[in-house]
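Visitor: Can you read through this structure? Questions will come right after.
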Amino acid sequence: MLDASQQLKQPKAHLCSVNEEYVACSSMCEPTCTSPPNQPCPAGCGPPKCQCRSGFVRHGGRCITRNQCPASGLHTELGTSLSSEFGFRAHSITEPPQTCGRNEHFVTCSSMCEPTCQSEPNEACPLGCGPPKCECLPGFVRDQGRCIRRDQCPASGELYRLRTELFRNESSESCFRARSITEPPQMCGPNERFAACSSMCEPTCQSEPNEACALGCGAPKCECLPGFVRDQGRCIRRDQCPASEPPQTCGRNEHFVTCSSMCEPTCQSEPNEACPLGCGPPKCECLPGFVRDQGRCIRRDQCPASGEL
1 MLDASQQLKQ
11 PKAHLCSVNE
21 EYVACSSMCE
31 PTCTSPPNQP
41 CPAGCGPPKC
51 QCRSGFVRHG
61 GRCITRNQCP
71 ASGLHTELGT
81 SLSSEFGFRA
91 HSITEPPQTC
101 GRNEHFVTCS
111 SMCEPTCQSE
121 PNEACPLGCG
131 PPKCECLPGF
141 VRDQGRCIRR
151 DQCPASGELY
161 RLRTELFRNE
171 SSESCFRARS
181 ITEPPQMCGP
191 NERFAACSSM
201 CEPTCQSEPN
211 EACALGCGAP
221 KCECLPGFVR
231 DQGRCIRRDQ
241 CPASEPPQTC
251 GRNEHFVTCS
261 SMCEPTCQSE
271 PNEACPLGCG
281 PPKCECLPGF
291 VRDQGRCIRR
301 DQCPASGEL
């Protein structure tokens with residue numbers, strides 16, 4: 001009988017369906033019949049899985065050529081992703097395009113950052129597709145569920161946050177939700193400001209100056225003013241940071257980095273595969289030219305034979 005370490009080394013076959021292939025770095029946006037050709041997609045790796053081969057698209061859990069898709073605009077794939085991810089049978093439902101409200105239109109590839117009265121004009125937004133839905137027309141922004149022109153937004157500086165509360169209807173013994181309570185702008189500490197679109201990588205004493213950071217918006221919050229960094233909850237100048245600790249001792253073919261890769265290369269990953277910008281936690285990482293394999297850093301030519309994932 002094999003022990004756990006020996007079992008990990010056994011080759012593992014990945015059987016995929018027709019027109020599929022197993023990939024260790026799957027696409028963040030696998031094409032479907034409802035997605036537009038050549039749609040923008042963020043760089044990065046999804047989980048290892050079977051995905052459609054090049055030239056095929058996902059439809060009802062199968063991979064078909066795009067010219068085999070149903071008539072454009074009339075098909076909504078309901079349950080397809082659930083069936084493929086969770087292994088149960090789901091049926092596709094064909095229905096007419098959704099009717100939208102005033103100053104809205106229905107899109108199959110929605111924005112990852114629909115503009116609102118609280119968002120900055122032309123703020124950075126990651127590439128990619130949200131779910132099919134009604135979205136504000138160009139030139140309009142979302143405010144309390146409606147799409148209005150930006151010049152109809154509340155006066156600048158009045159940041160509104162909807163809060164959901166549960167109320168009891170005594171006559172029907174039931175509960176309902178209401179979202180209509182506004183709050184004043186949040187008060188921030190010294191050397192901070194409130195940002196509706198916060199940085200994905202707020203600088204700290206441990207981070208490198210001008211380090212790469214993914215585009216996009218974090219949650220609305222207080223963040224350090226430009227020129228200041230976060231240290232134990234406070235915002236201070238970088239030259240006030242405590243002396244750096246002695247570097248951590250790492251293993252063979254490793255070095256310690258404060259801004260680690262979001263996708264450290266392994267024997268299973270493809271050489272030069274796409275990886276999102278940003279910093280992982282400070283840690284020991286393989287030296288350039290080495291890859292991670294069962295906790296060690298080795299040269300790629302020392303990896304197990306191709307296909308033994």
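FYI, in UniProt numbering the residues of the sequence shown are 1 to 309. Heads up, the beta-carbon is just placed ideally off N, CA and C, and yes, glycines get one too. Values in this document were obtained by computation on a predicted structure and should not be read as measured data.
Quick check on the burial criterion: 16 or more other C-beta atoms within 10 angstroms. Buried or exposed for Ala305?
Guide: Ala305 should be labelled exposed.
Visitor: At the level of alpha carbons, what is the spacing between Phe194 and Gln152?
Guide: Roughly 22 Å separates the two Cα atoms.
Visitor: Pick from Glu270, Glu211, Val57: whose alpha carbon is nearest that of Cys45?
Guide: Looking at the Cα atoms, Glu270 is the closest of the given residues.
Visitor: In or out: Thr32 buried (at least 16 other Cβ within 10 Å) or exposed?
Guide: Buried: at least 16 other Cβ atoms inside 10 Å.
Visitor: How should Gly216 be labelled, buried or exposed, when 16 other C-beta atoms within 10 angstroms of its C-beta is the threshold for buried?
Guide: Classification of Gly216: buried, given that the 10 Å Cβ count is 16 or more.
Visitor: For Gly278, would you say it is in contact with chain B, using Cβ-to-Cβ distances shorter than 7 Å as the test?
Guide: Although the question refers to chain B, the structure presented lacks it and comprises just one protein chain.
Visitor: Just to check my reading of the structure: Ser110 and Cys129 have Cβ atoms closer than 8 Å, yes? What is that Cβ distance to the nearest angstrom?
Guide: Right, their Cβ atoms sit about 7 Å apart.
Visitor: For Val141, is the classification buried or exposed, using 16 other Cβ atoms within 10 angstroms of its Cβ as the cut-off for buried?
Guide: That one is buried.
Visitor: Going residue by residue through the segment 227-251, where are the continuous alpha helix (DSSP H) segments of at least 4 residues, counting only ones entirely within it?
Guide: Within the segment 227-251, no complete alpha helix (DSSP H) run reaches 4 residues.
Visitor: Give the DSSP bridge partners of Glu20, in chain order.
Guide: Cys52.
Visitor: Per DSSP, what kind of secondary structure is Arg102 in: helix, strand or coil?
Guide: Of the three classes helix, strand and coil, the one that applies to Arg102 here is coil, per DSSP.
Visitor: Pop quiz: His255 and Glu285 are said to be a contact at Cβ under 8 Å. What is the actual Cβ separation, rounded to whole angstroms?
Guide: That pair is a contact at about 7 Å.
Visitor: Runs of 3 residues minimum, wholly inside the UniProt domain "EGF-like" (108-148): which ones carry the beta strand (DSSP E) assignment?
Guide: Here the runs fully enclosed are 133-136, 140-143.
Visitor: Check this for me: beta carbons of Glu20 and Cys63, under 7 Å apart or not?
Guide: Contact: yes.
Visitor: Taking just the CA atoms, how far does Arg237 sit from Asn258?
Guide: Here residue 258 turns out to be Thr, not Asn, going by the sequence shown. Going from the Cα of Thr258 to the Cα of Arg237 covers about 19 Å.
Visitor: Throw me the rounded Cβ distance for the Arg252 and Cys303 pair, which I believe falls under 8 Å.
Guide: Actually they do not touch by this definition, with Cβ atoms about 16 Å apart.
Visitor: What number of angstroms, rounded off, separates the C-alpha of Ser26 from the C-alpha of Ala274?
Guide: So the two alpha carbons sit approximately 10 Å from each other.
Visitor: Nearest CA to the CA of Ser54: which residue from Gly60, Pro47, Thr65?
Guide: The option with the nearest alpha carbon to Ser54 is Thr65.
Visitor: Quick check on this structure: which residue in Gln144, Arg234, Pro47, Arg292 has the alpha carbon closest to the alpha carbon of Gln118?
Guide: Gln118 has its Cα closest to that of Gln144, out of Gln144, Arg234, Pro47, Arg292.
Visitor: Considering only residues of the same chain and omitting the five flanking positions on each side of Ala214, which have a CB-CB separation below 8 Å?
Guide: Only Pro126, Met200, Cys201, Pro276, Leu277, Gly278 meet the Cβ criterion.
Visitor: Residues in the same chain with beta-carbon distance under 6 Å from Thr266, minus the five sequence neighbours each way, listed in chain order, please.
Guide: Taken in chain order, the residues that qualify are Val291, Arg292.
Visitor: My output table needs one value for Thr182: the three-state DSSP class, helix, strand or coil.
Guide: Note that Thr182 scores 40 on pLDDT, short of 50, meaning its location in the model is unreliable; the coordinates nonetheless yield the value given after this. Coil at Thr182, not helix or strand.
Visitor: Expressed to the nearest angstrom, what Euclidean distance is found between the alpha-carbon atoms of Phe56 and Asn122?
Guide: Phe56 and Asn122: Cα-Cα distance of roughly 34 Å.
Visitor: Of the residues Met112, Asn38, Glu264, Val229, which one's Cα is nearest the Cα of Gln294?
Guide: Residue Glu264 is the option with its Cα nearest to Gln294.
Visitor: Could you say which of Thr108, Glu104, Met112 lies nearest to Pro138 if we only look at CA atoms?
Guide: Residue Glu104 is the option with its Cα nearest to Pro138.
Visitor: In whole angstroms, what is the alpha-carbon distance linking Cys52 and Ser17?
Guide: If you take the alpha carbons of Cys52 and Ser17, they lie about 9 Å apart.
Visitor: Leaving out five residues on either side along the sequence, give the residues of the same chain with a beta carbon under 7 Å from the beta carbon of Gly218.
Guide: Result list for Gly218: Ser198, Ser199, Met200, in chain order.
Visitor: Quick one, are the C-beta atoms of Ala196 and Pro220 less than 7 Å apart?
Guide: In contact: Ala196 and Pro220 (Cβ atoms closer than 7 Å).
Visitor: Note down the Cα distance separating Arg300 from Glu211, rounded to an integer number of angstroms.
Guide: Going by the C-alpha atoms only, they are around 27 Å apart.
Visitor: At which residues does the beta strand (DSSP E) containing Arg193 begin and terminate?
Guide: Here the beta strand (DSSP E) through Arg193 covers 192-195.
Visitor: Please list the terminal residues of the continuous beta strand (DSSP E) segment that includes Glu211.
Guide: Note, Glu211: premise wrong, no beta strand (DSSP E); not H, not E.
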